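Reading through the structure tokens given below for one structure.
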Amino acid sequence: LYVLIGISHNLVSILVAYFMMAPSNAILPGLELGSIGLAIKMVLVQFVMVNISLSWLSGRIGISYSIFYQISYLSLFLLIGFGSRWVVDSIFSIELALFIDFILYYSAYICVFTFALFVVLRMLNKNIYDEIHKTLKSV
Numbered sequence: 002l003y004v005l006i007g008i009s010h011n012l013v014s015i016l017v018a019y020f021m022m023a024p025s026n027a028i029l030p031g032l033e034l035g036s037i038g039l040a041i042k043m044v045l046v047q048f049v050m051v052n053i054s055l056s057w058l059s060g061r062i063g064i065s066y067s068i069f070y071q072i073s074y075l076s077l078f079l080l081i082g083f084g085s086r087w088v089v090d091s092i093f094s095i096e097l098a099l100f101i102d103f104i105l106y107y108s109a110y111i112c113v114f115t116f117a118l119f120v121v122l123r124m125l126n127k128n129i130y131d132e133i134h135k136t137l138k139s140v
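This is the structure in structure tokens:
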């Protein structure tokens, strides 16, 4: 099944790439987005296919799967990005804004990533502890 997911990912990727780049006056019209369309395609197709793979694998392993975490973290990162951009643009001049943008963006990303990593590791440790406890109890 993993091979089928990979093959379907490639087929969907090719079709969406054509749709994003094809001229609007072609037999099968497209959006004429060029490289921006390819970037959008990459993000959207990856998001969908990774979630399909994740749900299949989590069902096979026997752990719960929720798309809530991906949507919430994506929303959080977008909010941090646009929020820090707004703060920098409203406070500083354009020359200084690029440098401060860089510092604010990556500082915020590092903080959120570290927090998310801590939460995930904490959850994994609890799951591993529970599995070890169940195994030892059954012996």
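Taken in order, the sequence shown gives residues 2 to 140; the numbers are from our numbering. All C-beta atoms in this analysis are idealised placements derived from N, C-alpha and C, irrespective of residue type, glycine included. Predicted, not measured: the structure shown is a model, and the values here were computed from it.
Starting from G38, follow the alpha helix (DSSP H) in both directions and report where the run begins and ends.
Sequence index remark: in the sequence shown, residue 38 carries index 37 (1-based). Unbroken alpha helix (DSSP H) run through G38: 35-62.
If you check the beta carbons only, do V4 and V49 fall under 9 Å apart?
Within the sequence shown, the letter at position 3 stands for residue 4. Within the sequence shown, the letter at position 48 stands for residue 49. Result no, Cβ atoms of V4 and V49 do not sit closer than 9 Å.
Should K135 go down as buried or exposed, given a rule of 16 or more other Cβ atoms within 10 Å for buried?
Indexing the sequence shown from 1 puts residue 135 at position 134. Under this definition K135 is an exposed residue.
| message | Under DSSP, the alpha helix (DSSP H) around I8 begins and ends at which residues? | response | Position 7 of the sequence shown, counted from the first residue, corresponds to residue 8. Where I8 is concerned, the enclosing alpha helix (DSSP H) stretches over 3-22.
Close-in-space but distant-in-sequence residues of the same chain around L34 (CB under 8 Å, 5 per side omitted): Indexing the sequence shown from 1 puts residue 34 at position 33. Around L34: M21, M22, I41.
_Assigned exposure category for S85 - 16 Cβ within 10 Å defines buried_ = As a working note, residue 85 is residue 84 in the sequence shown. By the C-beta density criterion, S85 is buried, having at least 16 other C-beta atoms within 10 angstroms.
DSSP three-state call for I28: helix, strand or coil? For this step, residue 28 is matched to residue 27 along the sequence shown. The answer is coil: DSSP assigns I28 none of H, G, I, E or B.
Can you tell me whether DSSP reads I141 as helix, strand or coil? Because the chain is modelled from 2 through 140, residue 141 falls outside the range shown and cannot be assessed.
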